[in-house]
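Written out below as structure tokens is the structure these notes cover.
Residue numbers (UniProt numbering): 1 to 297.
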């Protein structure tokens with residue numbers, strides 16, 4: 001990979017610090033994302049829209065986060081995971097903070113769905129891309145620990161969000177979450193720096209045909225677009241089947257987090273049960289991921 005840092009050793013103490021930072025990033029991202037069911041009720045009471053229209057707010061944020069994955073990983077290659085995560089943290093902050101001031105329901109699609117979704121995409125994928133740059137022998141375990149943050153963050157975050165909304169309101173809660181999202185910028189400071197020399201450009205310079213050739217602006221843009229739009233992994237049939245299958249699985253994977261809390265509220269369960277229950281699927285999933293990563297090692 002071109003995004004390589006030369007100021008650290010693999011599997012070092014700093015590597016595990018980076019793993020912990022990745023854990024924190026995913027703790028925050030999925031802790032808030034998986035709490036969308038609580039905001040689903042708050043948005044419904046505030047704006048009096050249909051369930052389908054309200055559900056699109058959280059669903060759009062989920063979708064944008066994963067849809068921008070190819071762009072985010074390409075940005076990590078060109079700008080570095082540290083820069084991309086800082087940009088994502090700022091986008092997340094702006095998205096959540098602006099959501100707290102929204103009075104027009106349609107704007108929620110922009111502030112929460114688009115800005116928050118894009119910001120978390122930058123932070124989430126950068127937290128995964130950075131790990132192979134710091135680990136070799138314990139990479140699978142590092143992935144398991146980092147991804148476990150997504151599951152372990154859901155129960156305490158959903159409980160805290162539920163209590164904050166009960167004691168204040170959803171707008172104040174959004175502002176608090178906006179401040180918490182800035183911790184993702186702080187966590188990214190442990191990430192390795194971007195190498196100053198891009199591997200692909202070095203290869204071009206070594207070719208005699210390109211040594212004394214001055215590129216025009218349009219040709220440079222074309223080369224840059226080709227770097228971003230690299231479809232060579234799709235030539236691998238195993239990867240193509242895995243990616244397409246995962247896409248279909250993702251369609252239904254997040255539905256419970258949107259509707260689970262409101263459905264339990266219909267059966268008059270207490271709020272202390274409503275909030276943590278959305279975290280149980282995530283917790284089981286990520287504990288399994290950590291164990292699987294250890295077994296692979």
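Positions of the beta carbon are idealized from the N, C-alpha and C atoms, including for glycine.
Values in this document were obtained by computation on a predicted structure and should not be read as measured data.
Check, Outcome
"Residue 137 burial status per 10 Å Cβ neighbour count (16 or more: buried)", "exposed"
"Reduced DSSP secondary structure (H/G/I, E/B, other) of residue 49", "coil"
"Residues near residue 178 by beta carbon distance below 6 Å, same chain, minus five either side", "93, 96 and 97"
"Residue burial classification, residue 143 (beta-carbon count within 10 angstroms, cutoff 16)", "buried"
"Backbone secondary structure at residue 134 - three-state DSSP", "coil"
"Straight-line gap, residue 18 to residue 124 (C-alpha atoms, nearest Å)", "14 Å"
"Cα-Cα separation between residue 236 and residue 245, rounded to whole angstroms", "14 Å"
"6 Å Cβ shell around residue 188 - same chain, five flanking residues per side excluded", "82, 85 and 86"
"4-residue-minimum alpha helix (DSSP H) runs that sit fully inside the stretch 81-159, ordered along the chain", "81-99, 117-129 and 139-152"
"Within 8 Å, strictly: CB atoms of residue 30 and residue 153", "yes"
"Same chain, Cβ closer than 7 Å to residue 111, five either side skipped, listed in chain order", "95, 98, 99 and 102"
"Test item: CB-CB of residue 66 and residue 149 under 8 Å", "no"
"Boundaries of the alpha helix (DSSP H) in which residue 177 is found, first to last residue", "170-181"
"CB contact flag (residue 184, residue 89, <8 Å)", "yes"
"Proximity of residue 15 and residue 135 at Cβ, strictly below 8 Å", "yes"
"Beta-carbon proximity of residue 21 to residue 190, cut-off 8 Å", "yes"
"Status (buried if at least 16 other CB within 10 Å, exposed otherwise) for residue 73", "buried"
"Option nearest residue 75 by Cα separation, candidates 118, 164 and 46", "118"
"Run of the alpha helix (DSSP H) containing residue 69, from where it starts to where it stops", "69-79"
"Separation of residue 243 from residue 128, as counted between CA atoms", "16 Å"
"Simplified DSSP assignment, three categories, for residue 162", "helix"
"Within 8 Å, strictly: CB atoms of residue 133 and residue 192", "yes"
"Simplified DSSP state of residue 22, which is helix, strand or coil", "helix"
"Identity of the residue in 182, 155, 170 and 126 nearest residue 146 by Cα", "126"
"Residue 80 versus 151, 234, 160 and 131, residue with shortest Cα-Cα distance", "131"
"Buried or exposed by the 16-neighbour rule on C-beta atoms within 10 Å, applied to residue 234", "exposed"
"Rounded straight-line distance, which links the Cα of residue 169 to that of residue 114", "22 Å"
"Min CB distance residue 40 to chain B below 8 Å", "In the displayed structure, chain B is absent; only one protein chain is listed."
"Local conformation of residue 63 per DSSP, three classes", "helix"
"Residue 190, DSSP secondary structure in three states", "helix"
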